[in-house]
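Okay, structure first, notes after.
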Amino acid sequence: MSDIIRRDPRAEWIARNRLHPLHAAMQKAETRWMGPNGIVRKNPHAVGFIGPNGLKRIDRSGAQQGGSSKRTTASAVVQLPLQVIEQPAFYIAVVPDMIGGRLSSHDKDLLGLANKLAGSDGAVVAVVFGEHKESAFDSAGVDRLLHIEGELYAGYAPEQRVLALSALESQLAPRHWLLPDSRTGGGELGRRLAAKLGERPATRVWQVAEGQCIGRAGAGREDLVRRAPRLILAAVECAEPVSDTRHEVRPLELLDQIARNLPRIEDLGAVAVDPALIPMAEAEFILSGGNGVKDWTQFHQAAAALGATEGASRVAVDDGFMSRDRQVGASGIWVTARVYMAVGISGAIQHLQGIGACDKVVAINLDPSCDMIKRADLSVIGDSAAILAALIERISTHRQGGARDAA
Amino acid sequence: MLPNNLHIITLVSIGAHPTSGRARRAEQDARAVELGLRLAGDKLQVLHAGDAADEALRAYLGMGLSELTVLEQSSHGDALPLLSRYLQDAGAQLVLTGSQAETGEGSGMLPFLLAEQLGWPLVVGLAEVEKIENGMAQVLQALPRGQRRRLKVRLPFIACVDNAAPAARQSAFGPARRGQLLACEVTIVEDSLLAEARFQTARPRPKRLKVIKAKTGAERMKAATAKASGGGGQVLKDVSSQAGAEAIFKLLQDEGVLR
């Protein structure tokens, strides 16, 4: 928003023309002025404005709302200051997990830690394998981005990835390597890299300060305090994520070819797991039904077709359509699904609390004004039975198409 | 689908009870022993580097083992060189370990370093061995969120198990008393870590505060009372159910949750 005061010739013209229909409305209501004897006079009736309910409101925050005063533009998004590091003194390399192609909160914490270690003259290099969907690398604190793509890195290829990282090691010799100590890949990749580079890593690190790092040891009854080594595998919430700077995400290229190895581990792909056996709290994809679902047989069919774990709102459980251990929400299970599909759930606050950790929420509902629609990333307004039927249909054609391709 | 002359070695350590800290069999190592017993039966060899007099080791014997090999060293020794020297000549086809120790550093590096030194492939999070034939093993790897991945790996290899592996059987008292602890004399290597690092009782992690960067009181009030709202969500209204289903299908496919 610009703070430059501009003249408004039209408003001035209306102010001169007392016959103009908008004259009275646009007349600036003076609330205080200097009287002829040098005394400040006030008009208490002109203070404030008429609110939406017809009551007079007085806003003392300074943001006078009821017309008059200065014209304000809609407040624009504040642009954070851009931090440019032209000639970095050293590099901090970060290999984020990129679950679902985006930076997770663990990755953002890690980038925050990397920025803390880099200070003002180091640069943070993020290494991303394969396709990604992230658009906010700049505000997460990435100075340089090394994007490694190719068929070799698709699927489960930890040995090839370690080779790529050791190529980066020989090119930049980063002062620190930071990886998330997570089960989704970072923990494994970091340990493989440590074995390859011959570095002794600090694992499950939750604090790095003044050259010392503290990490959990053993089964979590002890902490290990040591000098921060080159390779750090950090736990969640190891540092605050970057929040008040923007960084140039300058692409970085590897100078040398990455060595190729003959893969000793062959990835044969994911195995179909019965979604009903996955604990709800850690299921990745949940189809949840509520009061708006009338045809429960069709709901179960849809869950089977989608390969989703079933969940339910409290109403559906109370009415006996689903078992109690399937209830999502404050008094049920707090789920962490990546995709949560709510069918006929209006979104009581207790339910919304339970899905607080979910990434993407899809809502199917008849009521366009319910709270679930406000939370959802994609909402379809309409009859749930018809939409579920169409969805089952769409997926079966997709599956058949896939089967034909394979044959 | 398993050959009957499979040579499997399971590496075990001494665990610590999470509350009392009393020595016990380590949870994940016991799972590794369980997996080994299912694959090789009583031909399973179990190996420990440490003190042979430790009573907690007998809990492994109680799972139905007749003997347990111990490479004798003090608790400050480095287990890695002993184990890698032993495994080089042992001729094992599969070495099973837990993911991380319950005492000491517990960095979980041991299987990775062993694999690097021996030049063997390493499988992390082994859940099940499906078949072994022609020098190749087909195994299931446990992924987060209850997912499984099928891998094919060349023998010999090292695998570490985590909590997705089958739960360990109970330890029985009689077999635990009868089992033999075979101590081997080896040269001891000191661990360099303890020269510079120190252990302290685990402090509870500071809870992260929700920091609200608001300049005015009105903004703070808004941040404190705001309901969870995406705001930027896409709303499809007055569309046919086919079009709605298509949009949902597209999102599910972009997220990669349709298998």
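Here the protein sequences come in this chain order: H and D.
Per this note's numbering: the first sequence ends with 413, consecutive numbering throughout.
Per this note's numbering: the second sequence ends with 440, consecutive numbering throughout.
For glycine and all other residues, C-beta sits at the position ideal for the given N, C-alpha and C.
Considering Cα atoms alone, identify which of the options is closest to residue i.
i	options	result
glycine 196 (chain D)	D:Ser256, D:Gln298, D:Ile393 and D:Leu307	D:Ser256
proline 456 (chain D)	D:Asp435, D:Ala308 and D:Ala240	One cannot answer for residue 456 (chain D) here, as it falls past the ends of chain D, which runs 182 to 440.
leucine 260 (chain H)	H:Gln89, H:Ala208 and H:Ala173	H:Ala173
valine 130 (chain H)	H:Tyr159, H:Gly362, H:Gln89 and H:Ile154	H:Gln89
cysteine 341 (chain D)	D:Ala378, D:Ala424, D:Leu324 and D:Gln281	D:Gln281
glycine 447 (chain H)	H:Ala142, H:Val101, H:Ser319 and H:Arg150	Limits of chain H in this structure are 7 at one end and 413 at the other, which puts residue 447 (chain H) out of reach.
valine 420 (chain D)	H:Asp9, H:Val46, H:His29 and H:Ala396	H:Ala396
arginine 329 (chain D)	H:Val248, H:Ile284 and H:Ala308	H:Ile284
leucine 274 (chain H)	H:Thr303, H:Trp19, H:Tyr162 and H:Arg63	H:Tyr162
aspartate 250 (chain H)	H:Gly125, H:Lys366, H:Pro87 and H:Ala30	H:Pro87
isoleucine 105 (chain H)	H:Ile154, H:Gly191 and H:Gly54	H:Gly191
leucine 230 (chain H)	D:Gly285, D:Asp223, D:His188 and D:Glu215	D:Gly285
serine 110 (chain H)	H:Ala95, H:Ala308 and H:Lys139	H:Lys139
aspartate 113 (chain H)	H:Glu272, H:Val134 and H:Pro50	H:Val134
alanine 296 (chain D)	H:Phe55, H:Arg22 and H:Glu194	H:Glu194
proline 199 (chain D)	D:Arg350, D:Ala383 and D:Asn185	D:Ala383
glycine 217 (chain H)	H:Arg181, H:Gly335, H:Ala201 and H:Arg66	H:Arg181
Return helix, strand or coil for residue i, following the three-state DSSP convention.
i	result
proline 285 (chain H)	coil
phenylalanine 143 (chain H)	helix
leucine 299 (chain D)	helix
histidine 306 (chain H)	helix
isoleucine 401 (chain H)	helix
serine 201 (chain D)	coil
histidine 153 (chain H)	strand
alanine 132 (chain H)	strand
asparagine 121 (chain H)	helix
lysine 224 (chain D)	helix
valine 168 (chain H)	helix
alanine 160 (chain H)	coil
proline 257 (chain H)	strand
glutamate 290 (chain H)	coil
glutamate 228 (chain H)	strand
arginine 197 (chain H)	helix
leucine 203 (chain H)	helix
arginine 77 (chain H)	Confidence at arginine 77 (chain H) is low in this model, with a pLDDT of 49, below 50, so its placement is unreliable and the value that follows should be read with caution. Note: arginine 77 (chain H) maps to coil in three-state DSSP.
leucine 372 (chain H)	coil
aspartate 435 (chain D)	helix
isoleucine 11 (chain H)	coil
By the criterion of Cβ-Cβ separation under 7 angstroms, what are the contact partners of residue i in chain H?
i	result
leucine 294 (chain D)	Ala201
alanine 399 (chain D)	Ser67
arginine 384 (chain D)	Asp229
proline 302 (chain D)	Arg270 and Ile271
glycine 279 (chain D)	Simply none; closest approach about 11 angstroms.
Report the neighbours of residue i on chain D: residues whose CB is nearer than 7 angstroms to its CB, in chain order.
i	result
leucine 397 (chain H)	Ala426, Ile429 and Phe430
tryptophan 212 (chain H)	Arg386
threonine 190 (chain H)	Pro325
valine 277 (chain H)	Leu321, Arg329, Arg330 and Arg331
Can you list the residues of chain H that residue i reaches, using a CB-CB cut of under 8 angstroms?
i	result
glutamate 314 (chain D)	Correct list: empty, because the minimum Cβ distance to chain H is about 14 angstroms.
threonine 284 (chain D)	Gly224 and Ala225
So residue i contacts chain D; which residues on that side make the cut at Cβ distance below 9 angstroms?
i	result
leucine 312 (chain H)	Leu433, Val438 and Leu439
arginine 400 (chain H)	Gln423, Ala426, Glu427, Ile429 and Phe430
arginine 320 (chain H)	Residues of chain D passing the Cβ test: none, with the nearest at roughly 18 angstroms.
Residues of chain H with CB closer than 9 angstroms to the CB of residue i, please, in chain order.
i	result
lysine 333 (chain D)	Ile271, Glu272, Asp273 and Leu274
glycine 222 (chain D)	By Cβ distance, chain H contributes nothing, its closest Cβ being about 26 angstroms from glycine 222 (chain D), past 9 angstroms.
alanine 197 (chain D)	Gly224, Ala225 and Arg227
phenylalanine 380 (chain D)	Ala223, Gly224, Glu228, Asp229, Leu230 and Val231
What does residue i touch in chain C if you count any residue whose Cβ is under 8 angstroms from its own?
i	result
glutamate 371 (chain D)	The displayed structure is made up of protein chains H and D, and chain C is not among them.
In chain D, which residues lie with their C-beta within 8 angstroms of the C-beta of residue i?
i	result
lysine 366 (chain H)	Leu432 and Glu436
isoleucine 379 (chain H)	Gly414 and Val416
Where in the segment 336 to 368 of chain D do unbroken runs of the beta strand (DSSP E), each at least 3 residues long, occur, reported from the N-terminal end onward? 338 to 342 and 361 to 365
Counting beta carbon pairs with one atom in the segment 205 to 219 of chain D and one in the segment 393 to 406 of chain H, are three or more of them shorter than 8 angstroms? no
Practice prompt. Note down, one range per segment and in chain order, each beta strand (DSSP E) of at least 3 residues found wholly within the segment 23 to 51 of chain H.
Written response: 38 to 40 and 46 to 48
- At which residue ranges does the segment 316 to 368 of chain H contain complete alpha helix (DSSP H) runs of 4 or more residues, listed in the order of the chain? You should have 320 to 324 and 355 to 360.
request  = Decide yes or no for the touch test of the segment 345 to 352 of chain H against the segment 282 to 296 of chain H: beta carbon pairs closer than 8 angstroms, at least 3 of them.
outcome  = yes
Measuring CB atoms only, is the segment 329 to 341 of chain D touching the segment 262 to 279 of chain D, in the sense that at least three cross pairs come out at less than 8 angstroms?
Touching, yes, given that three or more Cβ pairs across the two stretches are closer than 8 angstroms.
**Asked** Hey, which unbroken runs of the alpha helix (DSSP H) at 4 residues or more fall wholly within the segment 212 to 285 of chain D?
**Response** 239 to 242 and 260 to 271
request  = Count the C-beta pairs between the segment 221 to 229 of chain H and the segment 392 to 404 of chain D that are closer than 8 angstroms, then say yes if the count reaches three, no if not.
outcome  = No contact exists between the segment 221 to 229 of chain H and the segment 392 to 404 of chain D.
- Query: Any chance the segment 373 to 380 of chain D sits against the segment 243 to 250 of chain D, with 3 or more Cβ pairs inside 8 angstroms?
  - Reply: no
Exercise for the section: Count the CB pairs spanning the segment 191 to 209 of chain H and the segment 233 to 248 of chain H that are closer than 8 angstroms, and state whether there are at least three. Expected result: Three or more beta-carbon pairs separated by less than 8 angstroms link the segment 191 to 209 of chain H to the segment 233 to 248 of chain H, which places the two stretches in contact.
Quiz prompt | At least three beta-carbon pairs within less than 8 angstroms, the segment 260 to 271 of chain H to the segment 316 to 327 of chain H | solution = Not touching, per the Cβ criterion.
Whether or not the segment 379 to 397 of chain H and the segment 426 to 435 of chain D are in contact is what I'm after, with contact meaning three or more pairs of Cβ atoms, one per stretch, closer than 8 angstroms; do they touch?
yes
Could you name each continuous beta strand (DSSP E) segment of 3 residues or more that falls completely within the segment 306 to 338 of chain D, going from the start of the chain to the end?
-> 307 to 314, 317 to 323 and 329 to 335
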